[in-house]
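**Q** So the sequence shown is numbered by the numbering used here: it starts at 2 and just counts up by one.
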Amino acid sequence: MTLPKTMRAIEISAPGGPEVLTPVEVPVPVPGPGQILIEVHWAGVNRPDALQRAGAYAPPPSASPLPGLEASGRVAALGPDVSGWSVGDAVCALLPGGGYAEYVATPAAHALPIPAGMDLREAACLPETCYTVWSNVFMRGGLKAGEVFLVHGGSSGIGTTAIQIASALGARVFTTAGSAEKCAVCEGLGAERAINYREEDFVDILRAAGGADLILDMVGGDYISRNIKALADDGRLVQIAFLSGPKVELNFAQVMTRRLTITGSTLRPQSDLAKARIAEELRAHVWPLIEGGRLKPVMDSEFPLDQAAEAHRRIESSGHIGKIVLKLR
Ligand SMILES: NC(=O)c1ccc[n+]([C@@H]2O[C@H](COP(=O)([O-])OP(=O)(O)OC[C@H]3O[C@@H](n4cnc5c(N)ncnc54)[C@H](OP(=O)(O)O)[C@@H]3O)[C@@H](O)[C@H]2O)c1
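#1: Got a list of residues with beta-carbon closer than 5 angstroms to any non-hydrogen atom of ligand 1, in chain order?
#2: If you drop the 5 nearest sequence neighbours on each side, which residues of the same chain put their C-beta closer than 8 angstroms to that of G221?
#3: Taking only three categories from DSSP, how would you classify W43?
#4: Is the region 222-235 in contact with the region 249-263, if contact means three or more CB pairs nearer than 8 angstroms?
#5: Near G265, which residues of its chain fall below 7 angstroms by C-beta distance, leaving aside the five closest residues on each side in sequence?
#6: Using CA atoms only, rank isn't needed, just tell me which of M2, M8, W43 is closest to K328.
#7: Are A213 and P19 closer than 8 angstroms when you measure CB to CB?
#8: Does the Cβ of A57 have 16 or more other Cβ atoms within 10 Å, making it buried, or fewer, making it exposed?
#9: By how many angstroms is the C-alpha of A163 removed from the C-alpha of D120?
#10: If you reduce the DSSP assignment to three classes, tell me which class L96 lands in.
#11: Can you tell me whether K324 is helix, strand or coil according to DSSP?
#12: Alpha carbon to alpha carbon, how far is A72 from P116?
#13: For the region 78-85 and the region 30-43, state whether three or more C-beta atom pairs, one from each stretch, are separated by less than 8 angstroms.
#14: Can you tell me the Cβ-Cβ gap for G142 and R237, rounded? I've got them flagged as a contact below 8 angstroms.
#15: Could you compute how far the alpha carbon of S65 sits from the alpha carbon of I322?
#16: Going by the beta-carbon positions, is the gap between G98 and R75 smaller than 8 angstroms?
#17: Looking at the structure shown, is Y104 part of a helix, part of a strand, or coil, going by DSSP?
#18: Check whether the region 273-283 touches the region 293-300, counting contact only when three or more Cβ pairs, one atom from each stretch, lie closer than 8 angstroms.
#19: Give the single residue among C126, P128, A167, G158 whose Cα lies nearest to the Cα of A146.
#20: Using a Cβ-Cβ cutoff of less than 8 angstroms, which residues in the same chain neighbour P60 once the five nearest sequence positions on both sides are dropped?
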């Protein structure tokens, strides 16, 4: 593959609203040891990209300052010490940053093959949500078949993925979403009960079901104390974001007397090795679900690269259901 010297990309010209996403021409990255260079065909858009754009989620020191945490495309070049990939292979990958660009370098161990039967557009939506859901719900949260699982934001990229994987693996899935239309989509994906949080109290519904064994929460704020009420004895709460804020007053007696576990994580700052371990688990446990038709990204919309600002307006409107992608080729 002949590589150009420069490429089209989107940079964050200054912290701010979607309008700071600016088309630029920048050098094509050179893959380092253990890295592959990907010719990007599609890039996934995620809420953390909007946080980074607003100045609230700084990239790790070694990462590209360009936004974009996942992409699909073809392997365009190999850095030193890479095995298992060849130039031209179709691939999707978790990225440390830099996905809103025609080429991106990422550790080869964070790349995964395109599941059989899936196109590159859908595959661009797999890495960020699958890594986040698998590592938090299963590796950290230990969800088991038969347990009651509550995921907030069921219509989000994370939510639609969590509902499908957890129900495919035998959990009883409950979820919250902000409209009847979103709730219907969530139930179509396998949720036993989708709760329109604007009309119903998820605490009452989960308590009537015996309590949640595991809750995956991205809302925070007043949901934190309500989550604790909704948990069963020995339940676990895994926090992955705080859309309504991280600071609350909390009575920890419940945590002690009902033996609750409160934990959480962010994916991006974790070590390359930790992410490679998650990738191995995805290959073993989640890729077979995709190839067996049990998990399919819910596609909301696509935008050309130079309309990345529109893509951010859409994700921040919360009008979307599922995933938004940028088209590069
Ligand atoms: N910790 C990690 O490693 C990690 C990795 C990836 C993503 N995340 C986080 O996971 C969340 C989902 O990510 P995503 O990319 O799937 O984003 P997304 O599709 O935009 O999901 C966010 C959803 O949350 C719901 N929501 C509930 N309360 C909200 C509030 N107060 N403000 C705004 N939205 C609210 C919205 O749906 P309704 O209309 O139903 O309210 C919205 O669709 C984000 O918060 C993201 O930062 C964390």
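Glycine included, C-beta positions come from ideal geometry on N, C-alpha and C.
**A** Well, looking at it:
#1: N47, R48, P49, T133, G154, S157, G158, I159, A178, G179, M219, V220, I241, A242, L244, S245, T267, L268, I316, S319
#2: As a first step, residue 221 must be located in the sequence shown, where it is residue number 220. Excluding sequence neighbours, G221 sits near Q240, A242, F243, L244, S245, G246, P247, V249.
#3: Position 42 of the sequence shown, counting from 1, holds the residue named residue 43. If DSSP states are grouped into helix, strand and coil, W43 belongs with the strands.
#4: yes
#5: Against the sequence shown, residue 265 aligns to sequence position 264. Result list for G265: V239, Q240, I241, in chain order.
#6: As a working mapping, residue 328 is identified with position 327 in the sequence shown. Among M2, M8, W43, the Cα nearest to that of K328 is on W43.
#7: Residue mapping note: residue 213 aligns to position 212 of the sequence shown, counting from 1. Residue mapping note: residue 19 aligns to position 18 of the sequence shown, counting from 1. No, the pair does not count as a contact, with Cβ atoms beyond the cut-off.
#8: Numbered from 1 along the sequence shown, position 56 holds the residue referred to as residue 57. Classification for A57: exposed.
#9: Here residue 120 is taken as the residue at index 119 of the sequence shown, counted from 1. Here residue 163 is taken as the residue at index 162 of the sequence shown, counted from 1. Rounded to the nearest angstrom, the two C-alpha atoms are 21 angstroms apart.
#10: Along the sequence shown, one-based indexing puts residue 96 at 95. DSSP places L96 in coil when its eight states are reduced to three.
#11: Counted from its first residue, the sequence shown places residue 324 at position 323. In this structure, K324 counts as strand in the three-state DSSP scheme.
#12: Counted from its first residue, the sequence shown places residue 72 at position 71. Counted from its first residue, the sequence shown places residue 116 at position 115. Straight-line Cα distance between these residues: approximately 14 angstroms.
#13: yes
#14: Locating residue 142 in the sequence shown gives position 141, counting from the first residue. Locating residue 237 in the sequence shown gives position 236, counting from the first residue. Contact flag correct, Cβ pair sits at about 5 angstroms.
#15: The sequence position of residue 65 within the sequence shown is 64, counting from 1. The sequence position of residue 322 within the sequence shown is 321, counting from 1. S65 and I322: Cα-Cα distance of roughly 28 angstroms.
#16: One-based indexing of the sequence shown puts residue 98 at position 97. One-based indexing of the sequence shown puts residue 75 at position 74. It is not a contact, given that the beta carbons lie outside the stated cut-off.
#17: Walking along the sequence shown from the start, residue 104 turns up at place 103. DSSP places Y104 in strand when its eight states are reduced to three.
#18: no
#19: Numbered from 1 along the sequence shown, position 145 holds the residue referred to as residue 146. Cα-wise, what sits closest to A146 is A167.
#20: For the purposes of this step, residue 60 is identified with residue 59 of the sequence shown, where counting begins at 1. So the qualifying residues of the chain are Q53, P66, P97, G98, R269.
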